[in-house]
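Notes follow the structure.
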Amino acid sequence: MVVSTLIEAMCTRLTAHSSDDDDKYRSKEERDELKSLDCNIKFKEFLLEEGVIDNNWLDEIEKEHKENCK
């Protein structure tokens, strides 16, 4: 049996629409504030605080990611 799921996510685009688009229509303060709300960073901080992951694990993942993206 196949079950479909719809997830609606209300989020803010942190970067310009494309590499040709300049994001200077936002002030530096606004861009910094939006970056501080980044759910990826907040989730990483939560996992670290709860002891689910540690910095050694993150270092290994980053190293593996960099190797895979060469």
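According to full-length UniProt numbering, the sequence shown is numbered sequentially starting from 1. Glycine included, each C-beta is placed from N, C-alpha and C at the ideal position.
Tyr25 and Ala16 have their C-alpha atoms roughly 9 Å apart. Between the alpha carbons of Ala9 and Asp59 lies a gap of roughly 29 Å.
A Cβ-Cβ separation of about 6 Å places Leu14 in contact with Lys35 under the 8 Å criterion. Straight through space, the alpha carbons of Asn56 and Leu47 are spaced by roughly 13 Å. Here DSSP, grouped into helix, strand and coil, assigns Arg26 to coil.
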